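Protein chains in written order, with my numbering: chain A, 672 to 983; chain B, 672 to 983; chain C, 13 to 268; chain D, 13 to 268. Note that beta-carbon positions come from the ideal geometry of N, C-alpha and C, so glycine has one too. In this text the structure is predicted, and so the values were computed from the model without any measurement.
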Ligand SMILES: Cc1cc2nc3c(=O)[nH]c(=O)nc-3n(C[C@H](O)[C@H](O)[C@H](O)COP(=O)(O)OP(=O)(O)OC[C@H]3O[C@@H](n4cnc5c(N)ncnc54)[C@H](O)[C@@H]3O)c2cc1C
Ligand SMILES: Cc1cc2nc3c(=O)[nH]c(=O)nc-3n(C[C@H](O)[C@H](O)[C@H](O)COP(=O)(O)OP(=O)(O)OC[C@H]3O[C@@H](n4cnc5c(N)ncnc54)[C@H](O)[C@@H]3O)c2cc1C
Ligand SMILES: Cc1cc2nc3c(=O)[nH]c(=O)nc-3n(C[C@H](O)[C@H](O)[C@H](O)COP(=O)(O)O)c2cc1C
Ligand SMILES: Cc1cc2nc3c(=O)[nH]c(=O)nc-3n(C[C@H](O)[C@H](O)[C@H](O)COP(=O)(O)O)c2cc1C
Ligand code: FES
Ligand code: FES
């Protein structure tokens with residue numbers, strides 16, 4: 672199994688696969704389906720300072736090869752998470768990436784202080800890209816000065832490495848990545864959802880109560896691949912790639928684009944076993960292309976002559 | 672048939688359906704499949720000043736519910752188009768929307784002068800959103816000052832109404848729309864393709880020779896609907912909507928979002944008869960929801976109480 | 013909780029756009045609680061990713077066969093309706109918490125109220141209650157005669173009152189109109205249908221005890237994504253998840 | 013040019029990952045030119061939108077049946093391979109310009125060279141040439157014995173030389189290695205396969221006349237999208253579209 676090992680700041684993973692934030696709750700539900708210790712890690716649902724109920728329903732809508740969601744960061748609040756959710760994950764002994772969100776800088780900072788202090792948390796993921804809340808979220812993620820400022824402040828209080836989760840809804844993702852790199856981020860997570868919308872053609876009304884939502888799933892994979900490809904050539908931070916990954920082949924494609932680990936979101940809803948199934952398939956695929964260590968796949972699209980594959 | 676009529680600056684269309692630029696050549700090929708005079712109009716492939724060969728092949732790749740293209744504005748040049756392509760469309764007696772592109776402001780201006788002077792051209796579509804050329808194209812479409820400047824200059828020389836075709840690869844599509852509205856645009860076309868990429872997981876190499884390409888098809892429809900919905904509430908320009916439309920239901924969804932006419936791109940490749948099939952189906956759907964005039968659908972998602980439907 | 017690959021034994025249109033699908037496979041052995049649902053995949057290669065929640069309508073443990081009744085209205089259910097005998101269907105389930113038939117043991121009567129495509133789970137529930145010696149009455153509401161289904165099957169279990177909106181079958185009106193007759197012996201109420209109907213039923217049934225089953229658009233179907241929440245004043249969290257805490261709740265437990 | 017809904021009469025694996033699909037329907041009556049292709053839809057509800065160009069391998073006008081041979085390698089062709097007899101397939105075609113068998117009338121001999129999945133159109137072409145009294149020789153290149161197919165069928169038409177890369181069948185090597193034997197009587201050359209092979213064939217066949225058929229990723233398949241261009245020095249435009257000007261070109265006409 673060690674051929675699947677990848678190592679990122681704070682995240683020493685026995686394989687590069689972790690569920691994406693918001694698509695796996697706090698792990699409990701999927702633990703009924705399989706042994707979570709098979710995973711490379713877990714990203715937990717966004718934590719805010721106080722508990723939040725989120726948006727009214729309907730909160731999801733289906734689109735071609737994708738879905739829209741507007742959950743609106745429902746969660747029990749950072750204390751509830753630390754007290755009731757995290758302890759439950761301890762026995763699985765896998766790295767936990769804690770996604771954090773807020774409406775104000777102060778809220779992000781407070782949440783980071785609390786959650787990064789938990790010994791069970793390996794790293795934090797700064798969600799500045801949630802399109803489904805009125806305040807905070809994406810407003811930090813589409814202006815790179817505010818993204819950099821927030822990163823710097825969060826980094827200042829965090830006891831664990833900080834991954835900044837980038838929004839794809841920007842004119843220039845590379846500038847954004849460079850800005851947060853300069854501000855001290857330890858890694859990047861990309862991409863969050865694209866802002867989208869679906870209307871009922873009969874009534875003309877939005878399907879989602881929140882009107883717009885975040886588009887995820889295979890539909891957005893080409894955008895994710897492109898952004899990871901562009902950013903990974905410009906910054907030296909490791910990238911947790913995500914966006915539409917549903918197969919082991921997709922994982923290798925995304926690593927070739929520049930990702931060091933890969934998060935799986937929407938695909939969990941399609942098939943609850945998708946993460947362990949992908950993990951099991953990866954060695955077969957590596958054999959097929961004669962690659963020994965999966966970590967060699969990272970950036971293969973552009974740096975294959977720099978870092979020769981083990982097969983050559 | 673008059674219930675399908677829509678009227679936009681320069682484009683008096685007997686129905687709201689026209690093929691999208693680049694997905695229908697100059698019409699000749701599809702004329703072998705059906706009578707082009709059934710269409711509401713035609714958008715022709717981008718014209719540049721000189722003929723262009725475009726990018727190396729492969730130029731297309733398939734993605735989930737979508738495709739990537741990197742044609743690179745291949746075309747015979749504005750003179751070739753005026754001499755050899757346009758006359759051929761005359762007998763069909765439908766409005767022609769001429770898509771124009773260039774590497775420099777000067778080129779856009781020259782092309783506009785020539786093509787807008789043709790009596791066969793009803794309006795021009797300023798393509799500042801092509802992601803597949805190194806110079807021009809999208810570089811004008813992601814900075815709103817350059818977009819506005821170019822619009823003003825093109826508008827200054829155009830003998831026909833000018834539609835500005837917006838790129839979805841921006842942080843704030845509304846600002847872009849407002850900028851070109853202020854600069855004198857007569858209408859908007861939206862959206863062009865999202866920049867995307869696909870890699871061969873076996874080799875790690877891009878499928879497209881150009882590496883990145885433009886993502887189109889049903890996968891991007893939620894993004895198009897959202898952007899049209901946002902923009903149409905902020906500007907008073909008519910919008911030609913496009914992005915993933917493949918059914919008559921999609922047309923009504925897009926008009927509800929705020930479009931006054933709808934262009935069909937990728938779906939022509941899936942089914943060459945798609946435009947006439949949609950046109951035939953529209954009255955049935957209008958009957959189903961008790962709407963008399965299709966033009967009443969425009970903006971129904973947000974203004975249904977302002978402009979009551981005929982059925983109420 | 014399991015994922016099963018079941019084989020279609022029949023898939024037929026029993027009323028306009030209403031299909032009965034029978035599926036067989038060992039996984040059916042666990043499908044013993046009425047009100048639970050299966051999360052049904054539309055297919056492997058389709059562009060419709062999300063599973064469709066469909067209620068268990070009947071289970072034949074000997075034949076290892078589960079019956080689903082569904083309306084082919086959107087693209088996903090239309091694609092399901094095109095599947096042939098012998099094809100397989102990927103289902104998760106049984107999911108959720110179904111109707112408790114235990115707590116009803118001290119009652120003699122049950123009133124089962126279903127509207128439209130909320131009717132299917134009442135069939136399996138009715139059978140189970142009858143097996144326990146409880147006298148079951150159904151009130152089933154449909155749009156019209158044309159849209160009605162399974163009435164004879166229900167009649168085999170107990171008295172079945174039908175309402176239609178257009179009056180083409182049974183009483184003209186809604187299910188709640190059929191509740192105007194004096195309700196005797198304080199039956200337990202079990203109701204499935206659109207939220208507006210459930211709300212009306214709760215009002216009519218004031219003072220009585222019972223259960224309702226809710227519907228909501230789902231992502232995961234297993235409690236992980238928070239798509240399907242419903243507010244409640246009776247729990248500390250302030251909400252329930254319909255997929256995993258429900259879809260069945262006590263009357264009055266959630267805010268409709 | 014038409015869109016046809018053809019019905020599958022058989023769809024069987026004839027070598028590893030190589031499928032023979034037979035389709036019937038009135039549309040087949042127009043499929044009379046070898047080298048033309050059908051633009052095949054993977055299906056209505058799939059997430060694979062683009063059609064797959066597949067060459068006409070044989071046509072039986074009496075039975076109204078067309079044969080396609082295809083390799084199930086990517087997702088689209090894999091999905092095609094899962095279709096059953098009786099299902100329908102939506103095809104556009106015949107598309108493109110096929111092999112001219114007219115110009116060959118003054119020739120006595122033809123050499124048909126195909127590599128891998130370029131082999132199928134040569135079957136129909138060989139039959140047509142033979143019907144005109146031309147003596148046909150085939151050179152067919154495969155990866156291995158396991159990957160080879162249709163050899164007996166080709167042998168019924170004319171002499172068939174097989175090469176395999178691993179030597180497990182026929183000559184070890186590439187099709188061009190089989191061209192080393194002196195080519196007599198100046199046969200017309202017809203060749204289909206990957207670009208590298210076509211290039212090698214053109215070099216070997218220097219001085220001879222002939223035709224090649226090209227492959228490229230396609231969007232529309234009908235000449236509208238400019239996806240499938242190939243540079244040429246012999247035409248004023250500087251390019252040809254493979255889907256509508258080709259896929260068949262004279263040797264030397266395009267820049268490989
Ligand atoms: C617990 C539960 C049990 C159900 N049992 C049945 C049953 O036995 N028979 C039956 O016909 N229907 C039942 N429904 C409703 C059924 O799930 C929807 O009608 C179906 O999902 C619609 O899919 P579609 O492809 O027709 O529509 P589409 O419009 O294509 O669906 C798009 C998306 O919206 C969701 N969706 C649309 N309408 C509904 C709805 N009313 N409720 C939940 N999700 C919806 C779909 O699941 C899908 O994700 C049940 C719903 C729930 C929550
Ligand atoms: C004129 C012509 C005739 C052909 N005849 C045959 C034939 O008779 N039998 C056969 O097996 N194959 C033939 N091919 C190749 C065949 O079209 C591809 O193998 C097939 O499209 C691949 O689809 P997929 O679903 O397996 O691959 P995927 O990788 O899923 O395909 C993704 C996309 O790339 C395109 N694509 C991938 N590979 C090729 C290729 N080599 N050429 C063109 N497009 C490609 C597909 O059409 C699709 O749009 C022909 C190609 C052309 C251009
Ligand atoms: C239902 C749902 C809820 C999500 N919630 C969060 C969240 O709380 N925080 C976050 O950073 N991203 C959230 N995301 C985004 C995902 O983590 C991921 O970035 C995105 O969905 C793209 O990956 P996918 O296509 O594999 O789903 C959510 C996505 C979905 C579908
Ligand atoms: C093959 C191809 C070529 C295109 N060429 C052009 C072009 O020349 N000019 C332009 O403005 N848009 C071009 N587009 C973009 C389309 O006009 C349209 O905006 C986009 O594809 C979204 O619509 P769709 O999803 O219906 O295809 C092209 C799209 C495709 C797929
Ligand atoms: S559907 Fe995901 S929590 Fe209920
Ligand atoms: S595939 Fe569109 S021009 Fe050839």
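Is residue i close to ligand 4? I mean its beta-carbon at under 6 angstroms from any heavy atom of the ligand.
i	result
residue 60 of chain D	no
Taking its Cβ as the centre, do 16 or more other Cβ atoms sit within 10 Å of residue i, making it buried, or is it exposed?
i	result
residue 23 of chain C	buried
residue 976 of chain A	The predicted position of residue 976 of chain A is uncertain, since its pLDDT is 48 and thus under 50; no value can be drawn from it.
residue 764 of chain B	exposed
residue 56 of chain D	exposed
residue 131 of chain C	buried
Going by DSSP in three states, residue i sits in which element: helix, strand or coil?
i	result
residue 730 of chain B	coil
residue 841 of chain B	coil
residue 761 of chain B	helix
residue 913 of chain B	strand
residue 888 of chain B	coil
residue 900 of chain B	helix
residue 29 of chain C	coil
residue 856 of chain B	coil
When the distance is taken between beta carbons, is residue j closer than 7 angstroms to residue i?
i	j	result
residue 234 of chain C	residue 700 of chain A	yes
residue 886 of chain B	residue 864 of chain B	yes
residue 912 of chain A	residue 740 of chain A	no
residue 735 of chain B	residue 889 of chain A	yes
residue 150 of chain C	residue 47 of chain C	no
Please tell me whether residue i has its Cβ less than 7 angstroms away from any Cβ of chain C.
i	result
residue 91 of chain D	yes
Counting contacts by CB-CB distance shorter than 7 angstroms, is residue i in contact with chain A?
i	result
residue 865 of chain B	yes
residue 893 of chain B	yes
residue 239 of chain C	yes
residue 235 of chain C	yes
With 7 angstroms as the threshold, decide whether the Cβ of residue i is near any Cβ in chain B.
i	result
residue 207 of chain D	no
residue 227 of chain D	no
residue 759 of chain A	no
residue 674 of chain A	no
residue 896 of chain A	yes
residue 231 of chain D	yes
residue 868 of chain A	yes
residue 909 of chain A	no
Say the cut is 6 angstroms; is the CB of residue i nearer than that to a heavy atom of ligand 3?
i	result
residue 159 of chain D	no
residue 1071 of chain A	Outside the modelled stretch of chain A, which goes from 672 to 983, sits residue 1071 of chain A, for which no answer is possible.
residue 694 of chain A	yes
residue 240 of chain C	no
Heavy atom of ligand 2 less than 6 angstroms from the Cβ of residue i, yes or no?
i	result
residue 923 of chain A	no
Could you tell me if the beta carbon of residue i falls within a distance shorter than 6 angstroms of some heavy atom in ligand 6?
i	result
residue 253 of chain D	yes
Taking 6 angstroms as the cut-off, is the beta-carbon of residue i closer than that to any non-hydrogen atom of ligand 1?
i	result
residue 261 of chain C	no
| said: Which residues of the region 53–68 of chain D have a Cβ closer than 7 angstroms to any Cβ of chain F? Give them in chain order. | reply: No chain F appears in this structure, whose protein chains are A, B, C and D.
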